[in-house]
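By numbering that gives the first Met the number 0, the letter at position 69 of the sequence shown is numbered 68, and the numbering carries on one by one without gaps.
The structure under discussion appears below in the form of structure tokens.
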Amino acid sequence: MGGKENIVEFLLTLFEVEKRAMIEHIDKIAWVRPAELSGEVQKYYENLWPSLFIGDVLTWEDLIFRIPGTKILQHIRDGTLKQLVDDTTYACYRVDIEWGYFIDLENEVLETWIGGYWLGQGLRFLESVAFKDLSMDYMRALQDKVLNVSKDEWKVMIDAMEPFSLDY
0 MGGKENIVEF LLTLFEVEKR AMIEHIDKIA WVRPAELSGE VQKYYENLWP SLFIGDVLTW
60 EDLIFRIPGT KILQHIRDGT LKQLVDDTTY ACYRVDIEWG YFIDLENEVL ETWIGGYWLG
120 QGLRFLESVA FKDLSMDYMR ALQDKVLNVS KDEWKVMIDA MEPFSLDY
């Protein structure tokens, strides 16, 4: 199962009490600037995810981009994730990221963004879905929609898509 299916499964199995806890835990997360990790922080996350610490994990980007999305969601839910990089623009302008997801727990909406391989540029908004309408079938149909588009259709779609913006 891929990343998007894991995220959908996580959201669909989330109890209301867990959702409320996640919202509270998000408020307690320290949003950090991209920078080097202190030895203490490295040890904390090495204990959470030993398999990620093969090779150098010296910066926040090294750490965050090695962690699968659902692992981050689980640790937000459990309150064990203490820091996240406060630099969405970095991820959204990278051309090597193919799919991006923004989760609005309070309004119960999942946004899907695409980029990288598909567009040859940073992420652009594809569509959003309310949790009540979210399903594995929905995500498969969305993926099929992206995979079954001709180059000419892509040009039209890209021109109509909203690029990532901090004003979003």
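Ideal Cβ placement from N, Cα and C applies to all residues, glycine included.
- Between V16 and L133, the gap from beta carbon to beta carbon reaches 8 Å or more.
- If you look at V16, you'll find it in the alpha helix (DSSP H) that goes E15 to K27.
- Burial check for M21: the Cβ neighbour count within 10 Å reaches 16 or more, so the residue is buried.
- Bounds of the alpha helix (DSSP H) holding V7 are G2 to L11.
- Assignment of beta-bridge partners to I102 by DSSP yields L109.
- Exposure of L146 is indicated by the presence of fewer than 16 other C-beta atoms within 10 angstroms of its C-beta.
- For L83, the secondary structure class from DSSP, reduced to helix, strand or coil, is strand.
- Counting only the Cα atoms, D151 lies some 37 Å from L72.
- The DSSP-derived three-state label of V128 is strand.
- Residues of the same chain with a CB within less than 7 Å of the CB of M138, apart from the 5 flanking positions on each side, are K3, E4 and V7 in chain order.
- Residues K3, I6, G68, L109, E110, T111 and W112 of the same chain have their beta carbon placed closer than 8 Å to that of Y100, with the five preceding and five following residues left out of the count.
- By the beta-carbon neighbour count (other beta carbons within 10 angstroms, threshold 16), W30 is exposed.
- Closest option to L13, judged by alpha-carbon separation, among R76, L83, V155 and H24: R76.
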